[in-house]
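Before any comments, here is the structure.
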Amino acid sequence: MKKSILYLLFLATAFVSCENSDDTVFEETADARLNAALASYEKQLVEAPYGWNAVIYPNGGGSFGFYFKFDDKNRVVMYSDFSDASAAKSKESSYRLKAVQTPALIFDTYSYLHVLSDPDEEVNGGERGEGLKSDFEFSIFPDSVKADRIALIGRKNQSRMVLTKATQAQATAYAAGDLAKGLLFNNIAKYIAYFKRITLGGVTYEITANQTERVMKLTWLEGSVGRTFTTNYYYTSDGVTFTSPLVNGSRTITGFSNITWNANTLSLGLSAGGASGVVVSAIKPLSVDLAASKRWWQDPIESGGDWRTADGFHVNGVDDAFGVKDLTFEGAQYAFYIYQPGVNANYDLLGPVFYADNSLSLEYAHAPRRPTFPADGRVIFTEYGTLGPAPTTGPAANTANLLYDPSGFYLVQTSETTYDMVSAKDAKAWISWQ
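Under mature numbering (1 follows the signal peptide of the UniProt record, and there is no 0), read the sequence shown as residues -18 to -1, 1 to 416, first letter to last.
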């Protein structure tokens, strides 16, 4: 107790000392210093002659490329790589710099930036009520402000935004619509087969792109040993940019450029690491992750979770090929499909979840037996039975019938929390689980 009293007396003395010397430490008030900082930040934003490249990393995952050109009338013109439209056409909105505990850059009218934060999941594919957990108000910290680079932190979701000064060539390219040219890479999803490969400088790489979470995985062989590299990516006026470079021997790949798309032949061309090539299809993985299938099945059992998908199976180039999104049940609307491993000792659970009266319900399901896992990395499902009034025809029945294909499936992990389950028969059917 005595130590506490002495400690409090010491603090009181320290406070008095600071109070008496405050005027000698700072020549200006705190408000004056803060206003000067805001003016300095605005000057830096406005006087960048060719604007700013930006990358935003939402707290919900992914990475998104932007271009900003600020003026001294609190207006900003921007492009965004979120969609073909936002990449090709600029949008003007307002911004302001304000003191909110710390200096903050606030985009205060709806813009391409706000699309990432929109609470309507149909706008950005994020979570209902939260979007992609991004921000449109960003705190500025003095130690993260450099002459050509500014790093900011979102005030609500702590998403990161990094600004780097654009060059004249980059500004011209954005205005010419080159950001939209980079999005031609998204056409890789139009290949009929799931597995896609490209040979660059004598090395064949398998490309797996999770376009929702902006995660790129490249797989290649060193002798008979499979190697993998995973990174987030975003789009710039130059094409696809990796947030981390791939270094493979003497070749460094920082992304893909010179992207071309031939709609007649469904052929994607690109350059990387000083080499060029054309993406081709394959019917099985270049290097099979032998543990992926068991890992996919076991993880929800250990965590108490399940696997979900909104889209159902993609088959022969058609998204939601069986139309599960059109399912209803006594007025309840389709919400998502679920796979629950290890329901009991005999079977798992596969079925549509419906939404009505602010609640979710599983009205019927198919019950696959616990799967088998051959040594070649596949998973094979067989039928055990059904639960509830499961239909014998239509989207739900077709989904189960494809699951029970005797060829089985390969599991491809596309991020820390997502997997694609790909038909081992011909790689022309797959479903994405998260």
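By construction, the Cβ of each residue, glycine as well, lies at the ideal position given by its N, Cα and C atoms. Keep in mind the model is a prediction, meaning the values are calculated, not measured.
Nonlocal neighbours in the same chain, by C-beta distance under 7 Å from residue 391, ignoring five residues either side: If the five residues before and after residue 391 are omitted, its C-beta is found closer than 7 Å to the C-beta atoms of 360, 361, 403, 404, 405, 406, all from its own chain and listed in chain order.
Pull up the distance between the alpha-carbon of residue 99 and that of residue 410, whole angstroms please. Spanning the two alpha carbons is a distance of roughly 34 Å.
Residues bridged to residue 322 by DSSP? Its beta-bridge partners are 331.
By DSSP, does residue 119 sit in helix, in strand, or in coil? Here residue 119 sits in strand by DSSP.
At 4 residues or longer, what runs of the alpha helix (DSSP H) sit wholly inside the region 91 to 145? Within the region 91 to 145, the alpha helix (DSSP H) runs of at least 4 residues that lie entirely inside it are, in chain order, 94 to 97, 103 to 106.
Name the two residues that bound the continuous beta strand (DSSP E) containing residue 23. Counted as a single uninterrupted DSSP element, the stretch harbouring residue 23 is not any beta strand (DSSP E) but the alpha helix (DSSP H) occupying residues 12 to 28.
Between the C-alpha atoms of residue 370 and residue 348, what's the straight-line distance to the nearest angstrom? Spanning the alpha carbons of residue 370 and residue 348 requires a straight line of approximately 9 Å.
Can you give me the C-alpha to C-alpha distance between residue 13 and residue 34, rounded to a whole angstrom? Their backbone Cα atoms lie some 28 Å apart in a straight line.
Give a yes or no on contact between the region 295 to 309 and the region 268 to 285, applying the rule of three or more CB pairs nearer than 8 Å. Under the three-pair Cβ rule at 8 Å, the region 295 to 309 does not count as touching the region 268 to 285.
Comparing alpha-carbon positions, which option in 337, 400, 62 lies nearest residue 287? Selected option, being the one with the closest Cα: 400.
Per-residue DSSP class, three states only, for residue 155: Three-state result, residue 155: helix.
Helix, strand or coil, according to DSSP, for residue 160 in the structure here? In this structure, residue 160 counts as helix in the three-state DSSP scheme.
Residue 3 to residue 26, Cα distance in whole Å? For residue 3, the pLDDT reaches just 43, beneath the cut-off of 50, and the residue's location in the model is therefore unreliable, although a value from the coordinates is still provided. Cα to Cα, the separation comes out at about 33 Å.
Proximity test, Cβ basis, 8 Å: residue 118 and chain C: Structure shown: chain C not included; a single protein chain is present.
Closest to residue 184 by C-alpha separation, out of 256, 377, 290, 338, would be which residue? Considering only alpha carbons, the answer is 256.
Near residue 366, which residues of its chain fall below 8 Å by C-beta distance, leaving aside the five closest residues on each side in sequence? Cβ within range, chain order: 328, 329, 349, 350, 351.
Classify residue 78: buried if its beta carbon has 16 or more other beta carbons within 10 angstroms, exposed otherwise. Residue 78 should be labelled exposed.
Is the beta carbon of residue 318 sitting closer than 8 Å to the one on residue 300? Between residue 318 and residue 300, the gap from beta carbon to beta carbon reaches 8 Å or more.
For residue 140, collect the residues of the same chain with a Cβ closer than 7 Å to its Cβ; drop the 5 residues on either side in sequence, then sort them by chain order. Excluding sequence positions up to five before and after residue 140, its CB lies within less than 7 Å of the CB of 41, all in the same chain and listed in chain order.
Straight-line Cα distance separating residue 190 from residue 341: Their backbone Cα atoms lie some 35 Å apart in a straight line.
I'd like to know if the region 166 to 180 and the region 235 to 255 are in contact, where contact means that at least 3 CB-CB pairs between them fall below 8 Å. Taking 8 Å as the limit for Cβ pairs, the verdict is that the region 235 to 255 does touch the region 166 to 180.
May I ask you to report which of helix, strand or coil DSSP gives residue 339? In the structure shown, residue 339 sits in coil (DSSP, three-state: anything other than H, G, I, E or B).
Nearest-angstrom Cα separation, counted from residue 276 out to residue 356: Distance between the alpha carbons of residue 356 and residue 276 is about 10 Å.
Among 163, 292, 202, 130, which one has its Cα closest to the Cα of residue 308? Of all alpha-carbon atoms in 163, 292, 202, 130, the one lying nearest the alpha-carbon of residue 308 is that of 292.
From which residue to which residue does the beta strand (DSSP E) around residue 365 run? Residue range 365 to 369 is occupied by the beta strand (DSSP E) that includes residue 365.
Close beta carbons around residue 96, own chain, < 8 Å, minus the five adjacent residues each side: Around residue 96: 89, 118.
Can you tell me which of 343, 305, 66, 86 puts its alpha carbon nearest to the alpha carbon of residue 313? Cα-wise, what sits closest to residue 313 is 343.
Beta-bridge pairing of residue 211 - partner residues as DSSP gives them: For residue 211, which the question treats as bridged, DSSP gives the partners 200.
Where residue 145 and residue 166 are concerned, what is the direct C-alpha to C-alpha distance, given to the nearest angstrom? Each residue's Cα considered, the two are about 24 Å apart.
Alpha-carbon spacing of residue 68 relative to residue 49, whole angstroms: Taking the straight line joining both Cα atoms gives about 11 Å.
By DSSP, does residue 381 sit in helix, in strand, or in coil? Residue 381 falls in the helix class under three-state DSSP.
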